[in-house]
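Comments concern the structure below.
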Amino acid sequence: MDAVRVWLEDSAEPKLLVTALEAMLQKVPPLDVIRSSWYRLAIGESFDTDAFMSFADRTGYIEDGNVDEPGEFAFRDGLVDIFPAGGRFPVRINLRDGLISELWLYDPSSQRKQKALEEMVVGPASEAVSAPEEGEGNPANTAAATYHRLFRLYGELPNAFDFLGGARIAVPKETFRRLPGYLEFIADAHHAHVAFGGRALEQSLYIDEATWTSCIGQLRSFTIDTTEAVELPEFRQAASPGRALQAFVGDCIRSGWSVVLAGETVDVEHSIQRFVQRARFSITPIENWFDGYGAAPGSLLRLSCGLHHGFIDRRRRFALLGSSDFLGRAVPTELSSSITPAEPELKLGDLVVHEEHGIGRLEGLETVEVEGEMRDAARLIYHGDASILVPMEDFGKIWRYGSNPEAISLDRLHTDGWKKKRAVVDKDIRDAARHLKKAAELRQTFPAKVIEPPRGPYAKFVSRFPYGETPDQAAAIDAVKTDLASGRVMNRLVCGDVGFGKTEVALRAAAAVAFAGGQVIVVSPTTVLTRQHFVTFSKRFAGTGIEVAMLSRVVSSKEAERVRVGLETGDISVVVATQAILAKDISPSRLWLLVIDEEHRFGVRDKQALQQLAPGTHTLMMSATPIPRTLQSALIGIQDTSMLTAPPAERRPARTVLTDFDKGSVRVALLREYRRGGQSFFVTPQIDDIEELRATLADIVPELAIRVAHGKMQAAEMDEIMVNFADGDGDVLLSTNIIESGLDVPRANTMFVWRADRFGLAQLHQLRGRVGRSRVQGMCYLVLPPDAELADATRSRLSTIVNNDRLGDGFSISMDDLELRGGGEIEGRKQSGHLKVIGITLYQDLLERAVSGKKEGSQSSTTVNLGISGTIPTDYVGDAGVRLGLYSRLLRAASRDQIEELVEEFEDRFGELPASVAVLLRLARVRLAARMLGISSVEGGPRGLAFTFGRKVSQRAKKHFDRVLPSFVRDGRLIFEEQTKSGEDRMALLKKLLDLDSR
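Everything in the sequence shown is counted per the numbering used here, starting at 1 for the first residue and increasing by one.
Set out below in structure tokens:
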């Protein structure tokens, strides 16, 4: 609809509309509705709140306090958040005096601002849009107004030709060849809908062949031939990419061709200047495409435009190079969504843990009067509906419970039950921390080889990477190189979603080790993934003198013996293997690096056994969804971690839908994929279901070729079926979840997961990652029997996978998995029971503090009472759970940087700071400064201040403060006498004593 809107706008400039057959066959809403379904925003323009609310309501947006999904919006005082339905990121609108003062794209995960905008247009969240005059009573105002209710809203719908006016239309001959097949598909979909139990539609949402022919005949149409453009050479794959590029451009110019170098960033401009100077070419800037095609033969031209990939036009003797063609850079995304681990925000009704009272339920926030001041307090409900009010200054003792709430009993107040449970947990956490630190120290006792590869061979290897690194990828590669050269044993996790570049990090690490004279073993969980890694590693190391071999069930015994001997003699430098390598009697002569891909598929003992192949071996683990144990180790700092958060260029996330099994819908989806030249997966959790599902699919789509693969097949047979499917043999692969790791089928864009409730979160995310691996929109249908009854925990798990469907959400899914399942065994020690006792967030904090040697309670134990208090007003942050979370984070802030980050977050998310929030932040700063000096409490009154220390007041501390204001000790407290009239005066005095600045 956005293209239709632009086309309908009044403009003197010529317009070119590029569309597809499928779009032209589809009917559209009435043109007057389309014209009124957009809202333009620009800095400096007035903002009509009522008009915007009306727009959001009638175009299908849903109001939500935390806007992080497309189609949501939220109003706050002076600030509006909205996630445009067609946008990749939400937008924050800052208002001042009725005008738009700022427009920002922001990160939906962290809610932090990322990129400023001057203007933007917000489109509808649904095509079922009511006209402005229809008001709130119209059915179109409800979220239930879906695409298939369009004709009920508008009656007879217009078609796309109706808005073209007198435009000329160019139709490729291929369109006429495709038309009958697509019309047949539409008719088949309608027939399947009715045949499998659906109700017949009152009218078609597509035009028929007669209407198409009539419309084409009435317009000024003409037919064009299309020819496939010739792709440019892959310069980055050459031994010397710069020379290959120079030779290509030189040959073109000498042959009388015109060559255009296109791009618009500063990096592109600098690269072009260096290239021209080095090659001694002359270059001429041009303004547009026509200048390029009309240039003199043998011209080198510069065009400033955002084009990343080019082509060769042999007929016109013309070559266009985009920025990625000669820079080898991945196309940058508009902005990268942060995937930094953060404590999820509380919601009313959530289970929480109070450090002193145990597990309760957050009932709400209440405003109470304390010493003449109004303050927030949290109402927590315990066993038997008993409750307590937690004062604001103790909010730092409240933690989100986080784990699966099923079968969790609330603790009893005023008993010693919680105290006893805490004592057991605290002791075991201290024991676990000692064990973890001892294990980490033991790893460092092994001598680690200092690995620094020779620059020449390594640089040539790096130059073969055709894309260049994303910032995260470059940081991960640098971190690995630093680890390898440190002389300490590397233990690093590279966490990044499917296709985010983990393999390149492993390739660089392997190259560094192999070129330095060491050996590398790369282990993956399946034969298919192992084969694909073997092909990838072999291609990259080809011609370098480094031999790459494979070891798995599908290699012959003769080849397996050759690999074993090669590892022992050192003749083979890189081996890609399954865990079958553990069954071999292997003694590598120089094993310096172990790479474990799909880390979450291996058990603790397998990983320990692999590391025992050579004590002191560097270890690099990779995963899109690390298992809770590994993630937990990473979060508390036991394991080094590199995060890859930037998605691949032009890749779109697979849409995920939870639905009941419907034969008509399955047929339509599978045939749609088939007709666009793609392939599909149908995945089941049980081998016993395979034959019944095969028969069902044969009945639903008899015209499609179905292939079957599962774990009971011979390894060689299964491997052959899956590799052949990846090469295009078959339309649908019916399999168990053996495909979740490593099967790369570029043409596969549709997946059905039967009985999705029987899969884990990581499994579902990995399965979904098998589709939509190119520019084509992937679809993943999580299918359940129509009468399936699901437990609350199962629904929560499936909701997590549906809601986390943005690129890079694998880490978010792992965090949810950690909460739902617990951390399992850390280094073989059972801790999951403790997670059930105290919840994941408090457990995580206690374990981290035990590992780091910090004392329990030092985080939030300092109290400050000056007769002045700050609050977060409800008209500033409306959601009670969010307010409580912000209070808690502020009280638990362990550094000045954390407080200042919270200041930025307040301003980013909620707008300009109210006076009461500014006071709250000032109190947080003095509380932190006092805590750092060992002060446990500060009391202030009209006659002065009193400091209480965690230990006895030392003469050193007294001398320190006496330099600012004389003091004396009374009843174990340090007293400062000075007359003050207000809390603000006492705040100023305290900041002076603590040597803080004026903020």
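Beta carbons: idealized from backbone N, C-alpha and C, even for Gly.
Taking its Cβ as the centre, do 16 or more other Cβ atoms sit within 10 Å of residue i, making it buried, or is it exposed?
i, result
"Asn737", "buried"
"Gln277", "exposed"
"Ile224", "exposed"
"Ala705", "exposed"
"Asp162", "exposed"
"Asp757", "buried"
"Asp394", "buried"
"Ala116", "exposed"
"Gly306", "exposed"
"Leu16", "exposed"
"Leu790", "exposed"
"Ile801", "buried"
"Phe218", "Residue identity differs from the one stated: residue 218 is Gln in this sequence, not Phe. With fewer than 16 Cβ atoms within 10 Å of its Cβ, Gln218 is classed as exposed."
"Thr213", "exposed"
"Leu389", "exposed"
"Leu351", "buried"
"Pro966", "exposed"
Taking C-alpha atoms, which residue in the options lies nearest to residue i?
i, options, result
"Asp64", "Phe395, Glu72 and Tyr887", "Glu72"
"His308", "Leu484, Pro297 and Gly322", "Gly322"
"Ile572", "Lys558, Ala580, Glu598 and Gly545", "Gly545"
"Asp744", "Arg531, Ala850 and Val353", "Arg531"
"Thr59", "Gln111, Glu900 and Pro124", "Pro124"
"Val535", "Ser524, Val548 and Pro525", "Val548"
"Gly878", "Val919, Arg909, Gln898 and Lys558", "Arg909"
"Val1012", "Gly678, Asp208, Met987 and Gly911", "For residue 1012 there is no data in the structure shown, the boundaries of the chain being 1 and 999."
"Val991", "Pro942, Ser954 and Arg922", "Checking the sequence, you will find Lys at residue 991 rather than Val. Checked all of Pro942, Ser954 and Arg922; the closest Cα to Lys991 is Arg922."
"Ser387", "Leu413, Trp399 and Ile408", "Leu413"
"Glu187", "Glu209, Gly166 and Pro172", "First, the residue type needs correcting, since residue 187 is Ala and not Glu in the sequence shown. Ranking Glu209, Gly166 and Pro172 by Cα distance to Ala187 puts Glu209 first."
"Leu245", "Phe281, Glu264, Gly911 and Asp729", "Phe281"
Between residue i and residue j, how many whole angstroms is the CB-CB distance? I'm expecting something under 8 Å.
i, j, result
"Tyr458", "Ala512", "6 Å"
"Leu928", "Phe976", "Not a contact, Cβ separation roughly 20 Å."
"Ser735", "Val701", "Contact doesn't hold; Cβ gap of about 16 Å is too wide."
"Lys502", "Leu644", "6 Å"
"Thr871", "Arg76", "So it is not a contact: roughly 16 Å between Cβ atoms."
"Tyr154", "Pro30", "5 Å"
"Leu484", "His618", "6 Å"
Helix, strand or coil for residue i? Go by DSSP, reduced to three states.
i, result
"Arg973", "strand"
"Ser665", "helix"
"Asp426", "helix"
"Val917", "helix"
"Val955", "Per the sequence shown, residue 955 should be read as Gln rather than Val. DSSP places Gln955 in helix when its eight states are reduced to three."
"Val1008", "Because the chain in this structure spans residues 1 to 999, residue 1008 falls outside the shown range and cannot be described."
"Pro391", "strand"
"Phe968", "strand"
"Gly1011", "With the chain running from 1 to 999 in the structure shown, residue 1011 is simply not present."
"Thr578", "coil"
"Leu413", "coil"
"Ile801", "helix"
"Tyr39", "strand"
"Val450", "coil"
"Met490", "coil"
"Pro297", "coil"
"Arg379", "strand"
"Phe500", "coil"
"Gly360", "strand"
"Asp985", "helix"
"Ala170", "strand"
With a cut-off of 8 Å, does the C-beta of residue i fall near any C-beta of chain B?
i, result
"Glu977", "Of the protein chains in this structure there is only one, and it is not chain B."
- If you scan the stretch 584-622 from start to end, which runs of the beta strand (DSSP E) of 3 or more residues do you find wholly inside it? 591-596
- Message: Restricting to runs no shorter than 3 residues, where is the beta strand (DSSP E) found entirely within the stretch 78-133?
- Response: 79-82, 91-96, 99-106, 113-117 and 119-122
- Task: Pick out the complete beta strand (DSSP E) segments inside the stretch 208-269, 3 residues or longer, and give them in chain order.
- Result: 220-224 and 258-262
- Task: Could I get the ranges of all uninterrupted beta strand (DSSP E) runs contained in the stretch 663-732, with 3 residues as the minimum, in chain order?
- Result: 679-683 and 706-709
- Message: Please give the ranges of any alpha helix (DSSP H) in the stretch 733-767, keeping only runs that are unbroken, at least 4 residues long and fully inside the region.
- Response: none
- Item | Every unbroken beta strand (DSSP E) within the stretch 519-582, with a cutoff of 3 residues, ordered by chain | 519-523, 548-551 and 574-577
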